[in-house]
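Note sheet for the following structure.
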Amino acid sequence: MAAAGVMMAGYAVAGTDSTTLANGADLSVTVSTPTTGDTFLVPTGSTTVDVPVEGSASIGEGEPNVHWTYVVDVSGSTGAGCGSVGGTVLDCEKQAVTNLNNAVVADGSGKDVGVSVFGRGGASADMSGAAGNQPIVAPDDPGVDVVIGSIVIGGVNLYTPRAVNPNDTNFSAGLTAAGTSVSASTAASKNVVFLSDGESNLGGGNFNAAVAALDSAGATIYSFAVGSGASCAGGSDGTLQAMADATGGTCTNVPNPATLPDIVQNVTDTAMTDVALEVDTVSTSFDTLTQTPPFDGPGSTDFTATAADQAPGAHEVCASATGTGPKSDASSEQTVTQCETYDVYAFSLTPETATNELGSDNEHTVTATVDGPAGKLAGWPVEFAVTGQNAGASGTCAPASCETDADGEVTFTYSVPVEPNSLGTDTISATVTVNSDSATVDVTKEWVDTTPPTATCEPGPNSGGQIPAAPGEGGQGQNQDGFYTITATDDVWGAESLDVFVIDDGTGTVFGPYANPTNLKWTEANGADPIEKAGSGAVDWALKGQGDAQITAVDGSGNVSDPVACLVPPAPQ
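First residue of the sequence shown? That's 631 in this note's numbering, and the numbers climb one at a time after it.
So this is what it looks like as C-alpha cells:
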C-alpha cells in the first residue's frame, strides 16, 4: 500500500493567552503550531504520527507603579547636631530623603511621590508650583528636591508654605498628613517612609485610626528611629514599631539618618521562571528552546517540540508560561496557559490485495476507511481510480456521494468484462480529502483465469455430411463409425482462442492442435502405427490409433481440460 503523507490544514491562526502581572508587565504564551482545527494524517503502514509543535513565550517590563511618601520629623529636637556627620538631625533627615528619592528615580519603578512634615501638627507639602495644591509629582520632578530643600523646623516653605508647631512629637499627625499624598496616588504599591528622632508624646488617641487609614489605602510603612534619642518601641501615643507591624513594613534604628538602609525594591523588573508543555495532559519536553528559564524580562523564548506517536482521535497541546513581576515578589507569580486542539486521522483501503477468478467473479469491492475523532468521521470525500490492466474502469460508491458514512467508511465497486483483455493486475487508488489536505492509498487486484476449458466429443458427420446412426446407441461404443465433432468451451476465452487435441490412449500419441470445432474420423487399429491424414468432405481429419481417442482443450491462459473419451470398437481381426 502506498504511504500517505502527513498533512496539516494550516488555515487556523495562532492562539495566545496573556495576563498583566502585578507590576503591569505583560506575560504571554503562544501556540502557533498546531492550532485548533488543524488535522494530521497518519502515514499508511503506521498507527501513529508525530505532530510538530511550535510557539513562544514572552514577558515584558513593568510599568512604574509605586508611590512614595516621605514623612519628616520637624519637631524642635531635630535642630540638635547630627553627630559626626555634621549639621543638624533635620539636615541629615533631608539628606536621607533626598538620597532615597534619587534611588527611586534610578530604580525606575516609582510612579509618584509626596512629602509630609510633622511636629505637634502635620502637613502635606504642595509639590509643584502649578495652581492649586499638588500633593504628588513624578519622582524625577525638580519640585521634589526643591520641596525637600525647603523643609525647616516647624514646617515646609515651598510651594505653598505649610507650618506645624514644632513643640511636640505627634506620630498621629504625621501619619494623617501622609494620607493626603497616599490617597492622591493611583499606584498599585504605596510606601510611607516615616522618620523621627524621638518618641511620640502627643496624639490624642488618634494613632490607631491613622495607621488603619493608611493600611486601608494599601500603604506599607517603613519607619526609622533616628539617633540615640529614638527607639522603635518607645512612645506615649503609638510607636514606630507598631505602625510598621500594622502595615507589613519594618522599623529600623539608624544612628546616621543620612544613610538609610536600602528599602527601594524595583517593581518594574520581571522574570520568566518557567515555560512548560503538555500533550494530552502529559508533560512533554522541548526539542529546542531559544532561551531557557529562568531569565529576566523583558525577554522571550521560542520553542519547538514533538507530540510523538499521536493515534487517530482528538488531541490537545497546552503551553504555559510562568513569570513574576516584580521579580522580588514571589507572590506576584502568575501562569498563563494556551491550549489548542487538533485532530489526527488515519486512512486505509482494504483489501490490500485480492484475487478474482475472472470467469466466475468479475466484480470487486474495496472499502476506504477514515479513522479519527468520534463524531467527525462522516462526510470526508474519497475519490477512486483504477489503473493497470483495466485502467479507467468506472464503478459505484456506497454511499453514492463517495463520502464517508458515520463509521468513516465508503465502498467502491467495479466490474470488468469477462474476456482475456481483463486478465492482469489492477491498481485501485483511493484519495481522501480532509479539510484542505489529501492522502492517497493504493491496493492491487489480480484478475486470473485458472479454470480449465471443457472439452466435448459428440457424433459427427461423415464425408457426405451425414451423421451415421450408431447401432444400439453406442452399445458397442459412442459411435461405431468413428465420426466425431470435437469442441471446447471456456468461461473467459472465446471458441476461436481454444485449441483442441486428440490423444491416442493406446500409445499416448497427441494429434493437433485442431480448430474449435473440428470433425474427425477415428479408427482404432490395434498394433497399427498412429496416423493423421486430411479428411474428405465434411471430415476435417482422419486419425488412426491403437486405442480410443481422448479429447483435451487448452485455453489462452494455458489451462488444460480434463480428457473426454471418444469411444469406438476395435477393428475386426
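In this text, a Cβ means the ideal position worked out from N, Cα and C, and glycines have one as well.
{"Check": "Residues that residue 1175 bridges to, as DSSP identifies them", "Outcome": "1154"}
{"Check": "Close Cβ partners of residue 639 (< 7 angstroms) along its chain, the five nearest in sequence each way excluded", "Outcome": "Bear in mind that the predicted position of residue 639 carries a pLDDT of just 40, short of 50, making it too unreliable to give a figure here."}
{"Check": "For residue 731, the first and last residue of its enclosing beta strand (DSSP E)", "Outcome": "Element bounds for residue 731: not the beta strand (DSSP E) but the alpha helix (DSSP H), 719-737."}
{"Check": "Alpha carbon of residue 741 to alpha carbon of residue 717, nearest angstrom", "Outcome": "31 angstroms"}
{"Check": "Through-space distance from residue 904 to residue 730, alpha-carbon basis", "Outcome": "34 angstroms"}
{"Check": "Exposed unless 16 or more other CB atoms sit within 10 angstroms - verdict on residue 762", "Outcome": "exposed"}
{"Check": "Residue 803 and residue 738 closer than 7 angstroms at C-beta", "Outcome": "no"}
{"Check": "Among 756, 842, 776, 647, the one whose alpha carbon lies nearest that of residue 793", "Outcome": "756"}
{"Check": "Residue 1041 versus residue 1075: straight-line alpha-carbon distance, rounded", "Outcome": "15 angstroms"}
{"Check": "Buried or exposed (CB count within 10 angstroms, at least 16 for buried), residue 664", "Outcome": "buried"}
{"Check": "Distance CB(residue 769)-CB(residue 810) smaller than 7 angstroms", "Outcome": "no"}
{"Check": "Limits of the unbroken alpha helix (DSSP H) element including residue 778", "Outcome": "772-779"}
{"Check": "Stretch pair the stretch 905-917 + the stretch 644-656: three plus CB contacts closer than 8 angstroms", "Outcome": "no"}
{"Check": "Cβ contact (3+ pairs, closer than 8 angstroms) linking the stretch 819-827 and the stretch 695-703", "Outcome": "yes"}
{"Check": "Neighbour-count burial assignment, residue 1196, 16 or more Cβ in a 10 Å radius", "Outcome": "buried"}
{"Check": "DSSP state of residue 694 mapped onto helix, strand, coil", "Outcome": "coil"}
{"Check": "Alpha-carbon to alpha-carbon, residue 981 and residue 1104", "Outcome": "Note on residue 1104: pLDDT 44, under 50, position unreliable in the model; no value is reported."}
{"Check": "Length-filtered (3 minimum) beta strand (DSSP E) runs lying within the stretch 784-836", "Outcome": "819-826"}
{"Check": "Host beta strand (DSSP E) of residue 882 (start-end)", "Outcome": "881-884"}
{"Check": "For residue 1169 and residue 1133, the rounded distance between their alpha carbons", "Outcome": "18 angstroms"}
{"Check": "Straight-line Cα distance separating residue 886 from residue 842", "Outcome": "29 angstroms"}
{"Check": "Per-residue DSSP class, three states only, for residue 1126", "Outcome": "helix"}
{"Check": "Residues of its chain near residue 734, where Cβ-Cβ distance is below 8 angstroms and the 5 sequence neighbours each way are ignored", "Outcome": "696, 698, 740, 743, 769, 894"}
{"Check": "Under the three-state DSSP convention, the category residue 744 falls into", "Outcome": "strand"}
{"Check": "Chain-order list of residues whose beta-carbon lies under 6 angstroms from that of residue 662 (same chain, five-residue window excluded)", "Outcome": "644, 684, 685"}
{"Check": "Classification of residue 1049 by the beta-carbon crowding that lies within 10 angstroms, buried from 16 upward", "Outcome": "exposed"}
{"Check": "Helix, strand or coil at residue 841 according to DSSP, with G and I counted as helix", "Outcome": "helix"}
{"Check": "Simplified DSSP state of residue 1035, which is helix, strand or coil", "Outcome": "coil"}
{"Check": "Burial state of residue 858 (16 or more Cβ within 10 Å)", "Outcome": "exposed"}
{"Check": "Spatial distance of residue 1115 from residue 1152 (CA atoms)", "Outcome": "11 angstroms"}
{"Check": "The stretch 970-980 in contact with the stretch 919-935 per 3-pair CB rule at 8 angstroms", "Outcome": "no"}
{"Check": "Neighbourhood of residue 708 by C-beta distance below 7 angstroms, restricted to the same chain and skipping five residues each side", "Outcome": "718, 719, 720, 723, 783, 827"}
{"Check": "Residue burial classification, residue 869 (beta-carbon count within 10 angstroms, cutoff 16)", "Outcome": "buried"}
{"Check": "Status (buried if at least 16 other CB within 10 Å, exposed otherwise) for residue 1096", "Outcome": "exposed"}
{"Check": "Assigned exposure category for residue 1154 - 16 Cβ within 10 Å defines buried", "Outcome": "buried"}
{"Check": "Contact between the stretch 1020-1028 and the stretch 999-1011 (3+ Cβ pairs under 8 angstroms)", "Outcome": "no"}
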